[in-house]
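Peer 1:
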Amino acid sequence: REILVNSIKLTETLALFARFINKAVHQYNGNDNRDQDKSSWPAERCRRSLMWVKLSNSGDPLKLLVPSYSWKTICGWSNYSGFLLDYLLNNLIDKVTSQKIIERAMGYRGTKSVTGLNKPTSQTKSVTVKAQRVDGSWCIKPAVNKKLMHLRYTLMGFERGYQTRIPSNQINIRRLTTIHIPHNQMNPWFLTGFSDAEGSFSILVQHNIKYNTNWRIKAVFAIGLHKKDTAILEKIQTMLGVGNIHKHGKDSVQFRVDSIKELQIILDHFDKYPLMSAKIADYILFKKAFNIIKAGEHLNKEGLLKIIGIKASLNLGLSPNLKESFPNFVLVSRPEYSFKEIIHPEWVAGFISGDGSFNIKTSSSISSKLSSRVQLRFGVGLNLRDKELIQGLVVFFNLEQGKHIHTTSDSVHLEISKFTDIVNIIIPFFDKYPIQGIKSLDFSDFKKVASIMENKGHLTLNGYNNIVSIKEGMNKNRL
Numbered sequence: 032r033e034i035l036v037n038s039i040k041l042t043e044t045l046a047l048f049a050r051f052i053n054k055a056v057h058q059y060n061g062n063d064n065r066d067q068d069k070s071s072w073p074a075e076r077c078r079r080s081l082m083w084v085k086l087s088n089s090g091d092p093l094k095l096l097v098p099s100y101s102w103k104t105i106c107g108w109s110n111y112s113g114f115l116l117d118y119l120l121n122n123l124i125d126k127v128t129s130q131k132i133i134e135r136a137m138g139y140r141g142t143k144s145v146t147g148l149n150k151p152t153s154q155t156k157s158v159t160v161k162a163q164r165v166d167g168s169w170c171i172k173p174a175v176n177k178k179l180m181h182l183r184y185t186l187m188g189f190e191r192g193y194q195t196r197i198p199s200n201q202i203n204i205r206r207l208t209t210i211h212i213p214h215n216q217m218n219p220w221f222l223t224g225f226s227d228a229e230g231s232f233s234i235l236v237q238h239n240i241k242y243n244t245n246w247r248i249k250a251v252f253a254i255g256l257h258k259k260d261t262a263i264l265e266k267i268q269t270m271l272g273v274g275n276i277h278k279h280g281k282d283s284v285q286f287r288v289d290s291i292k293e294l295q296i297i298l299d300h301f302d303k304y305p306l307m308s309a310k311i312a313d314y315i316l317f318k319k320a321f322n323i324i325k326a327g328e329h330l331n332k333e334g335l336l337k338i339i340g341i342k343a344s345l346n347l348g349l350s351p352n353l354k355e356s357f358p359n360f361v362l363v364s365r366p367e368y369s370f371k372e373i374i375h376p377e378w379v380a381g382f383i384s385g386d387g388s389f390n391i392k393t394s395s396s397i398s399s400k401l402s403s404r405v406q407l408r409f410g411v412g413l414n415l416r417d418k419e420l421i422q423g424l425v426v427f428f429n430l431e432q433g434k435h436i437h438t439t440s441d442s443v444h445l446e447i448s449k450f451t452d453i454v455n456i457i458i459p460f461f462d463k464y465p466i467q468g469i470k471s472l473d474f475s476d477f478k479k480v481a482s483i484m485e486n487k488g489h490l491t492l493n494g495y496n497n498i499v500s501i502k503e504g505m506n507k508n509r510l
């Protein structure tokens, strides 16, 4: 307490001393500054400088000055108690002494000031900074044949940059903002739908003699796309706050999460917003393996064999090399998949953004005046194990049963080509729940052709040629 009282007294004494010197120097300058408005004197500084004016509370003492070593409570104090000696030695220079002080005890916090670099011009943009108003903003600077009063820079940006010697560098380099709100943040159900289409859950097993078992185990969640769709991966990364994006092949990129801490966030998401395709069986197996790894059991032989048994049922199973290395593993049964229903439209938007397609078909037609025919086609193709999901999409869009699903020996396809279904159901739905990624451009072109057809433009030569031109720039032909 005694230290606190002494600190306050010292601060008040220094403030009084500073006001005395300011007044003396002002008188020394005489008529040079007498007719000049004190509130508009610029700070004449060397190198890159900030335009500044006298602070309204210049001369007020600091409220509190106590030692503090907490990084978050560090603020700046611009009084330089030794400038009288510099004045006597005729060697005045600007100096800033930074003291540690409790931020909540500081007055005049939270204001914002607009400054300009050097003299503002039409090309110079103003910069908004967070101001800390403190005592001692006036100082004397030597000039040719005389000494001029000028204002010392008394601003700090954010406390994280307090160690920067030249405060203006904080403004030039840093983007002074407290929060960045992502534009058009992704809906969590959209992410689940997109992951049902493009995501993968895998367990990597690599031979490595550095481990006690001679095998390195790593759980990985990944989404791989063409490099044109990097933006959607960046949006996923921003939403989840985890993972890395890296080049994965010549023309592809991959969003990847493989650390235990970050994978827990992935699992929390899919537990809350569950997958709806047959991929949920892979997720259940992946989660079992993850829990073994998280508990550290994979570092012993018994836990390693459990991982191998799970991997054997995951995705494509074991490689020939792993089968040879682990002949005695016990296969873990793959969970049975049973589709229930589509419970959220954003899931559909995400799933179609990954696995859907929007196509324009042109063909010859005897009945047409131009001997040509135009047809819009919306479709989804999946593995045969997801036949129930395809049927669920038919129900979700309230389409006529039995006319839109086609199957082969190993695949199932949903195809909608009836024009009224396209313009009354499909297009309005995706207008409300937008496609994301590069496929959104295909949907946009798809809509353009639908509009031309609604106006009978496809029956004219110019309209038909326009449709052909649009078609040639869609999907794989898009640059």
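Residue numbers (this note's numbering): 32 to 510.
All C-beta atoms in this analysis are idealised placements derived from N, C-alpha and C, irrespective of residue type, glycine included.
(1) Return the first residue and the last residue of the beta strand (DSSP E) that Thr253 is part of.
(2) Specify the secondary structure class of Leu345 as computed by DSSP and reduced to three states.
(3) So what does DSSP say about Ser388, is it helix, strand or coil?
(4) Quick check on the DSSP output: the alpha helix (DSSP H) that includes Lys434 runs from which residue to which?
(5) Looking only at its chain, what residues have a beta carbon closer than 7 Å to the beta carbon of Gly412, apart from the 5 residues adjacent to it on each side?
(6) What are the partner residues of His238, as DSSP defines its beta bridges?
(7) Quick check on DSSP: helix, strand or coil for Glu517?
(8) Mind reading off the beta-carbon distance from Ile248 to His329? Whole number of angstroms is fine, and I expect it under 8 Å.
(9) Determine the direct distance from the alpha carbon of Leu335 to that of Gly385, and round the result to whole angstroms.
(10) By DSSP's criteria, Gly412 is part of a beta bridge. Which residues make up the other side?
(11) Is it right to say Ala326 is buried, meaning 16 or more other beta carbons lie within 10 angstroms of its own, or is it exposed?
(12) Kindly give me the distance between the Cβ atoms of Asp289 and Ala250, rounded to whole angstroms, as I take these residues to be in contact under 8 Å.
(13) Does the structure place the segment 219–232 close enough to the segment 368–380 that three or more beta carbon pairs sit under 8 Å?
(14) Does the beta-carbon distance from Ile341 to Ile234 come in below 9 Å?
(15) Would Val405 and Met484 be called neighbours here (beta carbons separated by less than 9 Å)?
(16) Find out if the Cβ-Cβ distance for the pair His309, Asn414 is shorter than 9 Å.
(17) For the candidate residues Asp476, Ile296, Glu372, whose alpha-carbon lies nearest to that of Gly274?
(18) Where does Gln406 fall in DSSP's three states?
(19) For Asn322, which residues of its own chain have a beta-carbon under 6 Å away from its beta-carbon, when the five flanking residues on both sides are left out?
(20) Counting pairs of beta carbons, one from the segment 468–488 and one from the segment 258–266, are three or more of them closer than 8 Å?
(21) What are the boundary residues of the alpha helix (DSSP H) that includes Gly286?
(22) In this structure, how does DSSP classify His489 when only helix, strand and coil are distinguished?
(23) Compute the Euclidean distance between the alpha carbons of Leu306 and Thr491, then round it to the nearest angstrom.
(24) Measuring only the C-alpha atoms, how far is Lys40 from Phe48?
(25) Starting from His300, trace the alpha helix (DSSP H) in both directions and tell me its first and last residue.
(26) If you compare alpha carbons, which of Ser395, Ile373, Gly410, Lys507 is closest to Tyr304?
(27) Counting along the chain, where does the beta strand (DSSP E) carrying Ile323 start and finish?
(28) Helix, strand or coil: how does DSSP classify Ile276 here?
(29) Can you find the residues in the same chain that come closer than 7 Å, C-beta to C-beta, to Ser283, ignoring five residues on each side of it along the sequence?
(30) Against chain D, with Cβ distances strictly below 9 Å, would Val425 count as a contact?
(31) So the alpha helix (DSSP H) Ser226 belongs to, where does it begin and stop?
(32) Please work out which residues of its chain come closer than 6 Å, Cβ to Cβ, to Asn455, disregarding the five sequence neighbours upstream and downstream, and give them in chain order.
(33) In whole angstroms, what is the alpha-carbon distance linking Phe460 and Ile447?
(34) So if DSSP puts Phe232 in a beta bridge, which residue, or which two residues, is it bridged to?
(35) In the DSSP assignment, find the alpha helix (DSSP H) that holds Met270 and state where it starts and stops.
(36) So, at 7 Å on beta carbons, what are the nonlocal neighbours of Asp417 in its own chain, with the 5 sequence-adjacent residues on each side left out?
Peer 2: Taking the geometry as given:
(1) Here residue 253 is taken as the residue at index 222 of the sequence shown, counted from 1. It should be noted that the sequence gives Ala, not Thr, for residue 253. It spans 246–257 - the beta strand (DSSP E) in which Ala253 sits, taken as one unbroken run.
(2) Taking the sequence shown and counting its residues from 1, the one referred to as residue 345 is at position 314. Note: Leu345 maps to coil in three-state DSSP.
(3) Translated into the one-based positions of the sequence shown, residue 388 becomes position 357. Looking at Ser388 - three-state DSSP - the assignment turns out to be strand.
(4) Position 403 of the sequence shown, counted from the first residue, corresponds to residue 434. Lys434 -> no alpha helix (DSSP H), and no H or E assigned at all.
(5) The residue labelled residue 412 in the question sits at position 381 within the sequence shown. Counting only Cβ-Cβ distances below 7 Å, and skipping sequence neighbours, we find Ser442, His444.
(6) Position 207 of the sequence shown, counted from the start, is the residue given in the question as residue 238. Its beta-bridge partners are Trp246.
(7) An answer regarding residue 517 cannot be provided, because it is not within the stretch 32 to 510 covered by the chain.
(8) Against the sequence shown, residue 248 aligns to sequence position 217. Against the sequence shown, residue 329 aligns to sequence position 298. At roughly 5 Å, the Cβ-Cβ gap stays under 8 Å, so Ile248 and His329 are in contact.
(9) Numbered from its first residue, the sequence shown carries residue 385 at position 354. Numbered from its first residue, the sequence shown carries residue 335 at position 304. Approximately 34 Å, taken between the alpha carbons.
(10) Stepping through the sequence shown from its first residue, residue 412 is reached at position 381. Gly412 pairs with His444.
(11) Working through the sequence shown from its first residue, we reach residue 326 at position 295. Flag for Ala326 reads exposed.
(12) The residue labelled residue 289 in the question sits at position 258 within the sequence shown. The residue labelled residue 250 in the question sits at position 219 within the sequence shown. That pair is a contact at about 7 Å.
(13) yes
(14) Walking along the sequence shown from the start, residue 341 turns up at place 310. Walking along the sequence shown from the start, residue 234 turns up at place 203. Yes.
(15) Here the question's residue 405 lines up with position 374 in the sequence shown. Here the question's residue 484 lines up with position 453 in the sequence shown. The answer is yes: Cβ separation under 9 Å.
(16) In the sequence shown, the residue the question calls residue 309 occupies position 278. In the sequence shown, the residue the question calls residue 414 occupies position 383. Residue 309 is actually Ala in this sequence, not His. Yes, they are a contact pair.
(17) Here residue 274 is taken as the residue at index 243 of the sequence shown, counted from 1. The residue with the shortest Cα to Cα distance from Gly274 is Ile296.
(18) Within the sequence shown, the letter at position 375 stands for residue 406. In the structure shown, Gln406 sits in a strand (DSSP, three-state: E or B).
(19) Counting from 1 along the sequence shown, the entry for residue 322 is found at position 291. Counting only Cβ-Cβ distances below 6 Å, and skipping sequence neighbours, we find nothing.
(20) yes
(21) What you label residue 286 is simply residue 255 of the sequence shown in a count that begins at 1. With the sequence shown as reference, residue 286 is identified as Phe, and Gly is not the correct amino acid for it. Per DSSP, Phe286 belongs to no alpha helix (DSSP H); it is in the beta strand (DSSP E), 283–288.
(22) Reading the sequence shown from its first residue, position 458 is the one you call residue 489. Helix.
(23) Position 275 of the sequence shown, counted from the first residue, corresponds to residue 306. Position 460 of the sequence shown, counted from the first residue, corresponds to residue 491. Those two C-alpha atoms are separated by around 46 Å.
(24) Indexing the sequence shown from 1 puts residue 40 at position 9. Indexing the sequence shown from 1 puts residue 48 at position 17. So the two alpha carbons sit approximately 12 Å from each other.
(25) In the sequence shown, counting from the first residue as 1, residue 300 sits at position 269. Per DSSP, His300 belongs to the alpha helix (DSSP H) from 291–303.
(26) The residue given as residue 304 occupies position 273 in the sequence shown. It is Ile373 whose Cα lies nearest to the Cα of Tyr304.
(27) As a first step, residue 323 must be located in the sequence shown, where it is residue number 292. From DSSP, Ile323 is part of no beta strand (DSSP E) but of the alpha helix (DSSP H) over 310–325.
(28) Residue mapping note: residue 276 aligns to position 245 of the sequence shown, counting from 1. Strand, per DSSP.
(29) Here residue 283 corresponds to residue number 252 of the sequence shown, with the count starting at 1. Contacts found: Gly255, Leu256, His257, Lys258.
(30) Here there is only one protein chain, and chain D is not present.
(31) Along the sequence shown, one-based indexing puts residue 226 at 195. Start and end: 219–229.
(32) In the sequence shown, residue 455 corresponds to position 424, counting from 1. None.
(33) Here residue 460 refers to the residue found at position 429 of the sequence shown. Here residue 447 refers to the residue found at position 416 of the sequence shown. Looking at the two C-alpha atoms, the distance is approximately 14 Å.
(34) As a working mapping, residue 232 is identified with position 201 in the sequence shown. Partner(s): Phe252.
(35) Along the sequence shown, read from residue 1 onward, the residue named residue 270 stands at position 239. It spans 261–271 - the alpha helix (DSSP H) in which Met270 sits, taken as one unbroken run.
(36) Here residue 417 refers to the residue found at position 386 of the sequence shown. Once the five neighbours on either side are set aside, the close Cβ partners of Asp417 are Ser308, Ala309, Val443.
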